[in-house]
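Numbering-wise (the working numbering), the sequence shown opens with residue 769 and increments by one.
Beta carbons: idealized from backbone N, C-alpha and C, even for Gly.
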Amino acid sequence: MQLYKALRSRATTIEDNTEMSPATIATPIACTDAPLAAVDTDLLMVPWFSGALPAEMAGLDEATGGEIARAAASGELTKGTFDVFLAPVVDRSWKARRVALVGAGKADDFGTGVARKVAIVAGLAARQRHVERLAFVLRSGLADPSGDVDVRGLAQAVAEGLTLAEFSAGVYKTLEDTPSALPLCTIVLPGLADTSPESMGGVEAAVARGRLLGECSNLARELANEPGNTLTPREFAARAQAIARSGGVTVEVLDERQIEALGMGLLLGVARGSSEPPRLMVFRHEPADAPATPVLGLVGKGITFDTGGISIKPADGMERMKDDMAGGAAVACAMRAIGMLGAPIRVIGVVPATENMPGGRAIKPGDILKSAEGKTVEVINTDAEGRLVLGDGLWYARKLGATHLVDVATLTGAVVVALGKITSGILGAPDSWVSHVRRVADRAGDRVWPLPLFDEYRDQLKSEIADMTNTGGRPAGSITAALFLKEFTGGLPWAHIDIAGTAWADEAKPYLPKGPSGVAVRTLAELPFTAESWNKS
């Protein structure tokens, strides 16, 4: 909630239609190409690879009084990736107080993904030690300017990682000490002006971009971390509106009467069991000089709490269902980044938000719902509600003019069975569009893997009484859920990203604490900047 409060304090009231001026709320990350000895910082973080230190860091061991050489000889520096080794700087000519080496694996494998994770480890280590000033050294010789990974790409990834380390899940704790805020950060590129064709200006722009993308990811994590009693559909809409408007994005929030006027029977059906009314968020990024096409439509699942409805979930772990709006949070926060980065095409975001509760008016297994598109759905399982609200959301994105679609949702437990907790599933059509979205996701650090959409799976959704059922049963559960969504895409290029396994970390990793991950924000934010290649993909 910290980032949101800082942002919201700059906003007018939600009822006021005055747009907020685009402005980031995070402290900028500085860049320098100064020699390491001249970097004035409390903690100098250096990625460590096996072997000798490169030439530009030859004096690092001497500055620590030989501690690095001793640790390397004893094996202390080879324990594992993401391990942190600290040593004081004893050379008075150096301005840094301490040095920390972070295990970064093999130098040949060092790319943006590893750089981002190492930077997160560095940021978390600095916070735990209450460091006030942190400098992260991006060693030269690791980037190939002629390939996919260049200095700017690595610098952006490091800035993203340092920013992601700012997030804290324990915002409601009152009795425990929490790590301090992330210190003032500098990214050090020693000798950049002499060894790289990249200008410092280009690197600084990349770092600012990474800082913004990391910040928007953290905003999505804050939303997904909020309990269901504080983040109701109306509150979700209010916060998402403030977040997106701070990026210069136009936001419209439709209430239950407007939703009914649109004929969104699927969204209204899911909302029936709750005393909290639903909301439909619509975000528009419409640059004056944008071409008529393409128009990217982003749709996110916004179930602020999912009990499963009448088909109620087991009690064990149900508290996690507060994150069932992580896809909607990703869309809202990505729209902020899209606006602030000035994406060159029109982008529309749609987030249907409601609770799924087992109230006296709740939908029942066997009920028939009619979508805004006119298709009828037999509800077999009320816990398959996400695809229902997304169906109406996809239709509305098309109605608003989208030519290409991407939806993001914590949709199925089946994707966790298939891919575990480290990879999101991606499905859609045509294959060229899915492959393009996948490439963007991989570069953004959101690991995804494709699953098939063969027509034969559609038979599992046949209904004796309606156009289709809302679930095809346990076999191929993620695939049949995606095929249900495909019915509402109108044949447009469409990709569905199932983040049920990746939206929340059940176990802490060195680069990802327990809690919400902010998955898909960076992917969605980067996608509009690749529009020139969409027809080629």
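For residue i, does the count of other Cβ atoms within 10 angstroms reach 16, so buried, or fall short, so exposed?
| i | result |
| --- | --- |
| L943 | exposed |
| Y1164 | buried |
| R1047 | buried |
| P1059 | exposed |
| H1264 | buried |
| P1220 | exposed |
| P995 | exposed |
| S1192 | buried |
| A839 | buried |
| K1069 | buried |
| E835 | buried |
| R1129 | exposed |
| Y940 | exposed |
| R977 | buried |
| G1223 | The identity of residue 1223 in the sequence shown is Asp, whereas the question assumes Gly. Looking at its Cβ environment, which holds fewer than 16 other Cβ atoms inside 10 Å, D1223 is exposed. |
| V1185 | exposed |
| N993 | buried |
| A1386 | Here the chain has residues from 769 to 1305 only, and residue 1386 is not among them. |
Take residue i and list the residues in its own chain whose beta-carbon comes closer than 8 Å to its own, dropping the five residues that flank it on each side.
| i | result |
| --- | --- |
| A1299 | P1062, L1064, P1112 and I1113 |
| L950 | G891, A894, R895, L902, L930, T931, A933 and E934 |
| I1194 | V1202, V1205, R1206, A1209, V1216, W1217, P1218, L1219, A1263, H1264, I1265 and D1266 |
| G1127 | R1040, G1041, S1042 and S1043 |
| L828 | L804, V814, L821, I836 and V867 |
Leaving out five residues before and five after residue i in sequence, what residues of the same chain have Cβ atoms less than 6 Å from its Cβ?
| i | result |
| --- | --- |
| A1209 | V1216 and T1291 |
| S1079 | N1149, T1150 and D1151 |
| V1289 | C984, S985, A988, A1098, C1101 and A1102 |
| P790 | Interpretation of P790 is limited by its pLDDT of 35, a score under 50 that renders its predicted location unreliable; no figure is taken from the coordinates. |
| K1282 | A1273 and A1276 |
| A1012 | V1019, F1051, A1100, M1103 and R1104 |
| L1260 | L1173 |
| G1196 | V1202, W1262, A1263 and H1264 |
| E972 | C799 |
| T764 | No information on residue 764 is available, as it lies outside the stretch 769 to 1305 that the chain covers here. |
| E1153 | V1038 and N1124 |
Apart from the five residues just before and just after residue i, which ones in its own chain have a Cβ nearer than 7 Å to its Cβ?
| i | result |
| --- | --- |
| E1024 | P1045 and P1046 |
| W1302 | P1062, H1172 and H1204 |
| E830 | D859 |
| G1258 | R1166 |
| L1253 | R1155, L1158, G1159, L1162, D1175 and H1264 |
| P1278 | F850 and V889 |
| V1034 | According to the sequence provided, residue 1034 is Leu. The question's Val does not apply to it. Contacts found: L1137, S1139, V1145, L1156, V1157, G1159 and D1160. |
| G833 | V858 |
Does the distance from the C-beta atom of residue i to that of residue j stay below 8 Å?
| i | j | result |
| --- | --- | --- |
| K863 | A927 | no |
| A887 | W816 | no |
| F878 | M813 | no |
| V852 | V867 | no |
| R1155 | L1179 | yes |
| F1297 | G1159 | no |
| G1213 | A1268 | no |
| E1146 | I1233 | yes |
| R725 | I1106 | Residue 725 falls outside the range modelled here, since the chain spans only 769 to 1305, and no answer is possible. |
| V1157 | V1021 | no |
| A1140 | L1030 | yes |
| T1075 | M1086 | yes |
| A883 | A826 | no |
| T880 | L922 | yes |
| A1271 | D1091 | yes |
| G1096 | V1119 | yes |
| E900 | D810 | yes |
| L952 | D801 | no |
| G1110 | L1066 | no |
| R920 | A974 | yes |
| S1246 | V1183 | yes |
| L1187 | R1226 | no |
Does residue i have its Cβ less than 8 Å from a Cβ in chain C?
| i | result |
| --- | --- |
| A927 | Note that chain C does not occur in the displayed structure, where there is just one protein chain. |
Confirm the yes/no value for this check: CB of residue i, any heavy atom of the ligand FAD, distance under 7 Å.
| i | result |
| --- | --- |
| A802 | As presented, the structure is devoid of all ligands, the ligand FAD included, so that no description of it is given. |
Quick check on the DSSP output: what are the complete alpha helix (DSSP H) runs of length 4 or more inside the stretch 872–945, in order along the chain?
880–896 and 919–932
Does the stretch 1120–1134 come close enough to the stretch 990–1001 that 3 or more CB-CB pairs lie under 8 Å?
yes
Curious, which full-length alpha helix (DSSP H) runs of at least 4 residues does the stretch 1034–1112 contain?
1094–1109
Pick out the complete beta strand (DSSP E) segments inside the stretch 1197–1267, 3 residues or longer, and give them in chain order.
1216–1218 and 1262–1266
If contact is defined by three or more beta carbon pairs under 8 Å, each pair taking one atom from either stretch, is the stretch 1048–1055 in contact with the stretch 1075–1091?
No: fewer than three Cβ pairs fall under 8 Å.
Contiguous beta strand (DSSP E) assignments of at least 3 residues, all confined to the stretch 981–1042
1018–1022
Tell me the start and end of each unbroken beta strand (DSSP E) in the stretch 1113–1177 that is at least 3 residues and wholly inside, in chain order.
1114–1124, 1136–1138, 1144–1146 and 1172–1177
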